[in-house]
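Residue numbers (the working numbering), protein chains in the order written: chain Z, 7 to 312; chain R, 7 to 312.
Quick notes on the structure that follows.
Below you can see the structure in the form of C-alpha cells.
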C-alpha cells in the first residue's frame, strides 16, 4: 500500500524548492514571497462518492469545497482573499443543482470575505468534482506544523468526531481563530484537523522533528453527533473524536505553562489542554490511572487499492 | 442546450466584483492587486476521456495539465511563478504512471521557470483528473480580450489545426510571445486559442464590444498535421485550422498599419495578418474573389447533454 501521506511526503523533494517559497509542499498551505509580500495558497478538491455522498445537497457541496480550502488557510493563520473554482460536472447535471452549487460556493466565499475570481467548467464522464484554489495573505507570521516542542500543551478549537452525521458539509473554517493564534507568541505549531486528530497530530509531531504526545481522555471534546451515534458507549464516542476526520478544527501546540492573551475568538474550552507533547515518539491516551498506546489511524487515500 | 460560454458569461455577475480585481471572470486568467502588486491566476483541469485519451502517456498528460494553464498566463502577458496541482487518481492507478505524471508536471513547470508548491492527491471512482492552478505576475500591462477595434489586423503565433494528431499534448505555452506582445503598444487585445480560432475569435470580438472579422483564407497558417489528415483536401485542412481547437497559440489584434518592434520571439509569419477586425458583427472568410459567412463553431462543453 502507498498511503497518501507517504506519497505526498516525497513530493517536496521531487518538485524542489526556491528561496521565495517560505513554506512549500507538506504544510496546510504554501507560503510564497512575491516582491516582499507573503501570499498563502492551497488547492483541494471535493469529489462525489469520496468527500460527499452522491445525493448531498449541491449548495452544501459548494460550501464544503470552499470551506475545506479556507480551513487550510486558517491553519496557516492567513486571511482569505481570492478563490478559483474548477467545476467538473457529470453529463446532464441538472441546471437547478448547478445553480445551487454556485450559490453554496458564493455563500461560503462571502462569509469569509473572499471572492471567486476565476476558474473553469468542464463536463466529465466521472462524478461531480469541485476543485477550489484559495489565495490569502498573512498579517504576521505563518502558523506552521513544525514548531512543536516537548512540554507544549495541545489544544483544539472545537469538539471532534461524528463528522459524517452532518458537520462534514457544514463546518465553518476557523479563520478568526487561526489569525488570532498566529499573533500569540506561545503558539508553536498548528494544523487543520482533516483526517482525524490522531493522524493529524502524528503529522504535526513528525513535522516537529519526531516527537510524541500524551492525550487526556477526559479532556478530548466530543461532538453531540458523535455521542449520539455511539449510543451510550463512551469508548466508541471517544474513538470517533480521535479518528473520524473532517472536523476542520485547528489543532495547536502551545508553550507549557504559558497563557494566551485574554479575549479573542477562542472558547474557554479551547484554552484548556487536551494533552501534551512528549519527547518520546508515539501517541498515548491517559484515562484515569490507565495509560495506553494509541495507533494513529484516520482517513487517508490508499493510492494502490483496487 | 446550455453551452459552456453562456454559462461562464453569467458567472462574473453572479460572483460579483471588488476594486482589487483588475481582471475578473471572463478572460484567460484573473488579475488581482495585492498591496499594489498585480498577480495573475488561473485554474483549468484536464480529465481523461475529455481532454486526453485514456491511453495517453501520463508524462504528456502532466505536461498538458501544466501547459494548458501556462497558455492562459501567456495570453495575459504574464510570467509564470507558482503552480498548485490537485491530482484525482483512479483506484489502482499504477505507481509507474503516477511517477511519469509527476515528471511531466515537473518538466513543464521547469521549462517555464515555475515551481510546484502545493496541491492535493485523492483517489477517485472517476477518471484521472489533473487540475493545475497557475500563479504569475505581470511585467507591465495585462493583455486583455476586450480591446480590439475596427481596422485592427489579426494575428496568430503558430500554425493551427490537427491538434488531436499530436500537439494537443505537446504544445508549448507561448509565454515569451505573450510577454513581448504585452510590451508592444499597437497590440490591442489577445487571447489563448483553446476552443478553435473561430470560437475564440468570436469571444474576443464580443468582449471588444460586439465587432466582426474578415479572415483571409490564404493567410491562415495550417499545421502539417492538419494537412496530412485532410489528405489533399485543402478545404478540410482549412476547416481544421479554423475549428479544431487546443492549438494554444495566441490570437491578437493589432492597430492596423502599425508595425511591432523588430526582434523578439515572433516568427516572420506571425507578423503577417490573417485577417482584420470590422465594425459589423459576424465572421467572414475571404478566399480569392469569394467572401462567405463563417459560423463560429469549435469545442465547447454542452452542460445539458446526457
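Virtual Cβ for every residue (Gly too), placed ideally from N, Cα, C.
Computed from a prediction, not measured in an experiment: that's the story for all the values here.
- With 8 Å as the limit, tell me which residues of the stretch 120-140 of chain Z have their beta carbon closer than that to any beta carbon of chain R; keep them in chain order. 121, 122, 123, 124, 125, 126, 127, 128, 129, 130, 131, 132, 133, 135, 137 and 139
- Does any residue of chain R bring its CB to less than 9 Å from the CB of residue 50 of chain Z? Taking the first residue of the first chain as 1, we reach residue 50 of chain Z at position 44. Output row for residue 50 of chain Z: interface = yes.
- Message: For residue 127 of chain R, report the span of its beta strand (DSSP E) as first-last.
- Response: Walking along the second chain from the start, residue 127 of chain R turns up at place 121. That run of the beta strand (DSSP E) goes 121-130.
- 9 Å Cβ cutoff, residue 253 of chain R in contact with chain Z: Translated into the one-based positions of the second chain, residue 253 of chain R becomes position 247. Answer no: the Cβ-Cβ gap between residue 253 of chain R and chain Z never drops below 9 Å.
- What is the C-beta distance between residue 192 of chain R and residue 266 of chain R, in whole angstroms, given that I count them as a contact (C-beta under 8 Å)? Working through the second chain from its first residue, we reach residue 192 of chain R at position 186. Working through the second chain from its first residue, we reach residue 266 of chain R at position 260. Correct: roughly 6 Å between the Cβ atoms.
- Message: Looking at the strands, I want to know which residues DSSP matches up with residue 33 of chain R.
- Response: In the second chain, the residue the question calls residue 33 of chain R occupies position 27. Paired residues: R:31.
- If you run the structure through DSSP and keep just helix, strand and coil, what is residue 165 of chain Z? Along the first chain, one-based indexing puts residue 165 of chain Z at 159. Of the three classes helix, strand and coil, the one that applies to residue 165 of chain Z here is coil, per DSSP.
- Item | Given residue 194 of chain Z as reference, the closest of Z:221, Z:152, Z:167 and Z:186 once Cα atoms are compared | Locating residue 194 of chain Z in the first chain gives position 188, where the first residue counts as 1. When only C-alpha atoms are compared, the closest one is Z:152.
- Closer than 9 Å at the beta carbon, the chain R residues around residue 198 of chain Z: Within the first chain, the letter at position 192 stands for residue 198 of chain Z. What residue 198 of chain Z touches in chain R: nothing, since even the nearest Cβ is about 12 Å away.
- Message: Would the stretch 210-222 of chain R count as touching the stretch 126-135 of chain R if we require 3 or more Cβ pairs under 8 Å?
- Response: no
- Residue environment, residue 269 of chain R, which counts as buried when at least 16 other CB atoms sit within 10 Å: The count along the second chain starts at 1 and reaches residue 269 of chain R at position 263. Exposed.
- Task: Please decide whether residue 177 of chain R counts as near chain Z, where near means a Cβ-Cβ distance under 9 Å.
- Result: Residue 177 of chain R sits at position 171 when you count from the first residue of the second chain. For residue 177 of chain R, the answer is no, since every Cβ of chain Z falls outside 9 Å of its Cβ.
- Query: Could you give the C-beta distance for residue 226 of chain Z and residue 280 of chain Z, rounded to a whole number, given that I count them as a contact under 8 Å?
  - Reply: As a working mapping, residue 226 of chain Z is identified with position 220 in the first chain. As a working mapping, residue 280 of chain Z is identified with position 274 in the first chain. Going by Cβ atoms, the distance from residue 226 of chain Z to residue 280 of chain Z rounds to 5 Å, so yes, they are a contact pair.
- Query: Whose C-beta lies closer than 8 Å to the C-beta of residue 297 of chain Z among residues of the same chain, with five residues either side of it excluded?
  - Reply: Indexing the first chain from 1 puts residue 297 of chain Z at position 291. Correct list, in chain order: 220, 290 and 291.
- Item | 4-residue-minimum alpha helix (DSSP H) runs that sit fully inside the stretch 210-239 of chain R, ordered along the chain | 230-235
- Please report how far the alpha carbon of residue 32 of chain R lies from the alpha carbon of residue 94 of chain Z, in whole angstroms. The residue you call residue 32 of chain R lines up with position 26 of the second chain. The residue you call residue 94 of chain Z lines up with position 88 of the first chain. If you take the alpha carbons of residue 32 of chain R and residue 94 of chain Z, they lie about 18 Å apart.
- Round the Cβ separation of residue 246 of chain R and residue 261 of chain R to the nearest angstrom and send it over; I've been treating them as touching at under 8 Å. One-based indexing of the second chain puts residue 246 of chain R at position 240. One-based indexing of the second chain puts residue 261 of chain R at position 255. Not confirmed; about 30 Å, so no contact.
- Item | residue 189 of chain R versus residue 82 of chain R - alpha carbon distance | Within the second chain, residue 189 of chain R is the residue found at index 183, counting from 1. Within the second chain, residue 82 of chain R is the residue found at index 76, counting from 1. Between residue 189 of chain R and residue 82 of chain R, the C-alpha separation is close to 11 Å.
- Task: Return no unless some Cβ of chain R is closer than 9 Å to the Cβ of residue 92 of chain Z.
- Result: Position 86 of the first chain, counted from the first residue, corresponds to residue 92 of chain Z. Closer than 9 Å to some Cβ of chain R, the Cβ of residue 92 of chain Z qualifies, so yes.
- Bounding residues of the alpha helix (DSSP H) (the contiguous stretch that carries residue 308 of chain Z): Here residue 308 of chain Z is taken as the residue at index 302 of the first chain, counted from 1. No alpha helix (DSSP H) holds residue 308 of chain Z; DSSP gives it neither H nor E.
- Message: Once the 5 residues before and after residue 204 of chain R are set aside, which same chain residues still bring their CB inside 8 Å of it?
- Response: Residue 204 of chain R sits at position 198 when you count from the first residue of the second chain. Only 248, 249, 289, 300, 301, 302, 303 and 304 meet the Cβ criterion.
- Query: Going along chain Z in order, which residues have a C-beta closer than 7 Å to the C-beta of residue 14 of chain R?
  - Reply: For this step, residue 14 of chain R is matched to residue 8 along the second chain. Correct list: 127.
- Message: Suppose the cutoff is 8 Å on Cβ atoms and the five residues either side in sequence are ignored; what does the same chain contact list for residue 36 of chain Z look like?
- Response: Against the first chain, residue 36 of chain Z aligns to sequence position 30. If we look at residue 36 of chain Z and ignore the five residues flanking it on each side, its Cβ neighbours are 27, 29, 30, 46, 47 and 48.
- Local Cβ density within 10 Å of residue 61 of chain Z, reported as buried at 16 or more and exposed below that: By one-based count along the first chain, residue 61 of chain Z stands at place 55. Burial call: exposed.
- Does the beta-carbon distance from residue 1 of chain R to residue 155 of chain R come in below 9 Å? The question about residue 1 of chain R has no answer here: the residues shown for chain R are numbered 7 through 312.
- Task: Return helix, strand or coil for residue 288 of chain Z, following the three-state DSSP convention.
- Result: Counting from 1 along the first chain, the entry for residue 288 of chain Z is found at position 282. If DSSP states are grouped into helix, strand and coil, residue 288 of chain Z belongs with the strands.
- Task: Look at residue 171 of chain R and residue 234 of chain R and say whether their C-beta atoms are less than 9 Å apart.
- Result: On the second chain, residue 171 of chain R is found 165 positions in, with the first residue counted as 1. On the second chain, residue 234 of chain R is found 228 positions in, with the first residue counted as 1. Against a cut-off of 9 Å, the Cβ pair of residue 234 of chain R and residue 171 of chain R comes out as a contact.
- Query: Given that a residue counts as buried once 16 or more other Cβ atoms are within 10 Å of its Cβ, and exposed if not, what is residue 68 of chain R?
  - Reply: Working through the second chain from its first residue, we reach residue 68 of chain R at position 62. Residue 68 of chain R is buried by the Cβ-count criterion.
- Candidates Z:51, Z:50, Z:52 and Z:25: closest to residue 39 of chain Z by CA position: In the first chain, counting from the first residue as 1, residue 39 of chain Z sits at position 33. The residue with the shortest Cα to Cα distance from residue 39 of chain Z is Z:25.
- Are the beta-carbon atoms of residue 123 of chain R and residue 20 of chain Z separated by less than 9 Å? Taking the first residue of the second chain as position 1, residue 123 of chain R is located at position 117. Taking the first residue of the first chain as position 1, residue 20 of chain Z is located at position 14. For residue 123 of chain R and residue 20 of chain Z, no; Cβs fall outside 9 Å.
- In or out: residue 100 of chain R buried (at least 16 other Cβ within 10 Å) or exposed? Stepping through the second chain from its first residue, residue 100 of chain R is reached at position 94. It is exposed - the Cβ of residue 100 of chain R has fewer than 16 other Cβ atoms within 10 Å.
- Task: Would you please verify whether the beta carbon of residue 30 of chain Z is less than 9 Å from any beta carbon of chain R?
- Result: Within the first chain, the letter at position 24 stands for residue 30 of chain Z. It does; some Cβ of chain R falls within 9 Å.
- Item | Assigned secondary structure, residue 50 of chain Z (DSSP; H/G/I helix, E/B strand, else coil) | Taking the first residue of the first chain as position 1, residue 50 of chain Z is located at position 44. It is a strand residue.
- Message: Contact defined as beta carbons within less than 8 Å: I believe residue 218 of chain Z pairs with residue 287 of chain Z. What is the distance between those atoms, to the nearest angstrom?
- Response: Counting from 1 along the first chain, the entry for residue 218 of chain Z is found at position 212. Counting from 1 along the first chain, the entry for residue 287 of chain Z is found at position 281. Rounded, the Cβ-Cβ distance is 5 Å, consistent with contact.
- Does residue 202 of chain Z come within less than 9 Å of chain R when only Cβ atoms are used? Residue mapping note: residue 202 of chain Z aligns to position 196 of the first chain, counting from 1. Closer than 9 Å: no.
- Between R:111, R:186, R:137 and R:126, which lies nearest to residue 176 of chain R when the distance is taken from Cα to Cα? For this step, residue 176 of chain R is matched to residue 170 along the second chain. Of the candidates R:111, R:186, R:137 and R:126, the one whose C-alpha sits nearest the C-alpha of residue 176 of chain R is R:111.
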